[in-house]
Ligand code: HSE
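Numbering (the numbering used here), first residue to last: 1189 to 1627.
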């Protein structure tokens, strides 16, 4: 059997995990895989960075050309991140005849169509298991394992950093800032952590997962995205009192007339919901197929070794020829799928949680309730705690949950409530997401 050469570009957190699996723990691959797989190049712009793995002399370089011109290197792993330099590197690798393995969800969400087409022109493939859900074999399971289904919906916790922060704020007693610092130290967060907390990273993953699950050419700009930056411990605790857990969810739903609703936002889910006990950096994705029903994929969604595990799985998949056949024969990637119509977020119907800060005096709530009623929003529960005897605050929190309402009506009602002159700060609104019905 030939030995297949591999080159790694970008030796940061995940890159070092890949080096560890491909050099220090090389024996396990040679026991399990007939083809020889050999790491030949590690390309990184910073040759002096302190690394936790030993890279043999001559393997580390800051010159991509070393990899590109080496005919024995047939697989390039892109772990540079970002959407500019990384895009250029992937195109150069494809043109030089290399298959590409990448964990770069932002790159595929924004430029997938162009890159997949370039790979097809070059007769090569792009494998991207590590782009979604860290170490969970999610892409492979959805794309091949569920191919007989028309997927109805997927619900995912797909950002380890946000899930870690939300878990640590409630169970670990940490502030948002210290939980985020911890997630960074553990290697979960992106180089630019705003991608995590703004929901953008989850949206990148949703674009990829919804694409292969529904077989559609997702337009990233049509995904509604809200992050966790404004989430307050007051709301997490109020939600707990009502029996809810707060999670940043990535949601894809097939709606009427083959329109799609794609969105990322914080959501209250019941404690009995299948995703409610997914904590810390773990990720989980529920996929509902019309034949299989509910499937749930769970595992570590971020961090060095879980993500490296998925990268190396892709390297093997490319080396043994699976990835190439999958890439060529399944019609599930942006460049060979049709664009679709999207359901506007205003038309989506669900339940809501609001927290309104209002003065504790007669008639205030009656005015607010009138606005909700006028917008066809039926209230399900209203809760105002007795103020502490010592409290001198000018306003008190009133927590409201609704029955199912149309988002457009909710937005209009909240804008009107804000203009009444009785709420002392902008209302907090968190969507309530119920468990999806199986069939
Ligand atoms: N920053 C990402 C996360 C890493 O926290 O989930 C894995 O994609």
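Glycine included, each C-beta is placed from N, C-alpha and C at the ideal position.
Can you give me the C-alpha to C-alpha distance between residue i and residue j, rounded to a whole angstrom?
i, j, result
"residue 1533", "residue 1431", "26 angstroms"
"residue 1361", "residue 1575", "23 angstroms"
"residue 1626", "residue 1257", "52 angstroms"
"residue 1232", "residue 1243", "12 angstroms"
"residue 1191", "residue 1214", "13 angstroms"
"residue 1281", "residue 1514", "20 angstroms"
"residue 1307", "residue 1208", "28 angstroms"
"residue 1203", "residue 1197", "8 angstroms"
"residue 1383", "residue 1550", "44 angstroms"
"residue 1544", "residue 1364", "21 angstroms"
"residue 1326", "residue 1335", "13 angstroms"
"residue 1407", "residue 1212", "41 angstroms"
"residue 1230", "residue 1199", "7 angstroms"
"residue 1589", "residue 1605", "15 angstroms"
"residue 1548", "residue 1581", "10 angstroms"
"residue 1502", "residue 1612", "53 angstroms"
"residue 1457", "residue 1541", "11 angstroms"
"residue 1372", "residue 1355", "15 angstroms"
"residue 1599", "residue 1415", "17 angstroms"
"residue 1259", "residue 1193", "9 angstroms"
"residue 1246", "residue 1237", "16 angstroms"
"residue 1463", "residue 1455", "11 angstroms"
"residue 1313", "residue 1341", "27 angstroms"
"residue 1400", "residue 1442", "13 angstroms"
"residue 1220", "residue 1379", "34 angstroms"
"residue 1495", "residue 1201", "9 angstroms"
"residue 1607", "residue 1466", "39 angstroms"
"residue 1279", "residue 1299", "11 angstroms"
"residue 1195", "residue 1316", "16 angstroms"
So the candidates are the options; which of them puts its Cα closest to the Cα of residue i?
i, options, result
"residue 1451", "1536, 1467 and 1514", "1536"
"residue 1205", "1257, 1296 and 1318", "1318"
"residue 1587", "1193, 1615 and 1600", "1615"
"residue 1453", "1440, 1459, 1461 and 1380", "1440"
"residue 1290", "1269, 1426, 1328 and 1302", "1269"
"residue 1530", "1507, 1411, 1608 and 1467", "1411"
"residue 1346", "1312, 1367 and 1395", "1395"
"residue 1252", "1458, 1330 and 1286", "1286"
"residue 1521", "1273, 1303, 1225 and 1283", "1303"
"residue 1487", "1481, 1497 and 1480", "1497"
"residue 1492", "1321, 1569, 1415 and 1600", "1321"
"residue 1438", "1404, 1376 and 1392", "1392"
"residue 1311", "1368, 1381, 1517 and 1467", "1517"
"residue 1585", "1449, 1379 and 1425", "1425"
"residue 1217", "1507, 1328, 1538 and 1553", "1507"
"residue 1402", "1565, 1446, 1262 and 1278", "1446"
"residue 1274", "1295, 1263 and 1262", "1295"
"residue 1261", "1272, 1288, 1309 and 1460", "1288"
"residue 1480", "1330, 1563 and 1352", "1330"
"residue 1629", "1404, 1428 and 1351", "For residue 1629 there is no data in the structure shown, the boundaries of the chain being 1189 and 1627."
"residue 1353", "1300, 1420 and 1299", "1420"
"residue 1539", "1552, 1564 and 1519", "1564"
Exposed or buried, residue i, counting other C-beta atoms within 10 Å across all chains shown (16 or more means buried)?
i, result
"residue 1266", "buried"
"residue 1592", "exposed"
"residue 1484", "exposed"
"residue 1561", "exposed"
"residue 1434", "buried"
"residue 1359", "exposed"
"residue 1617", "buried"
"residue 1527", "exposed"
"residue 1474", "buried"
"residue 1293", "buried"
"residue 1469", "buried"
"residue 1505", "buried"
"residue 1409", "exposed"
"residue 1449", "buried"
"residue 1687", "One cannot answer for residue 1687 here, as it falls past the ends of the chain, which runs 1189 to 1627."
"residue 1235", "exposed"
"residue 1573", "exposed"
Spell out whether any CB of chain C is found under 8 angstroms from the CB atom of residue i.
i, result
"residue 1539", "Looking for chain C here will not work: only one protein chain is present."
With respect to 7 angstroms, is the separation between the Cβ of residue i and the closest non-hydrogen atom of the ligand SAH below this value?
i, result
"residue 1502", "Absence of the ligand SAH from the depicted structure is noted, with the ligand HSE being the only ligands included."
For this session: Note down, one range per segment and in chain order, each alpha helix (DSSP H) of at least 4 residues found wholly within the region 1285-1349.
Result: 1293-1310
For this session: Please go through the region 1550-1589 and give each complete alpha helix (DSSP H) segment of 4 or more residues, from N-terminal end onward.
Result: 1552-1562
Exercise. Which ranges would you report for the beta strand (DSSP E) in the region 1472-1551 if only whole runs of at least 3 residues count?
Worked result: 1481-1488 and 1537-1546
For this session: Any chance you could list the alpha helix (DSSP H) runs of at least 4 consecutive residues sitting entirely within the region 1240-1282, in chain order?
Result: 1252-1256
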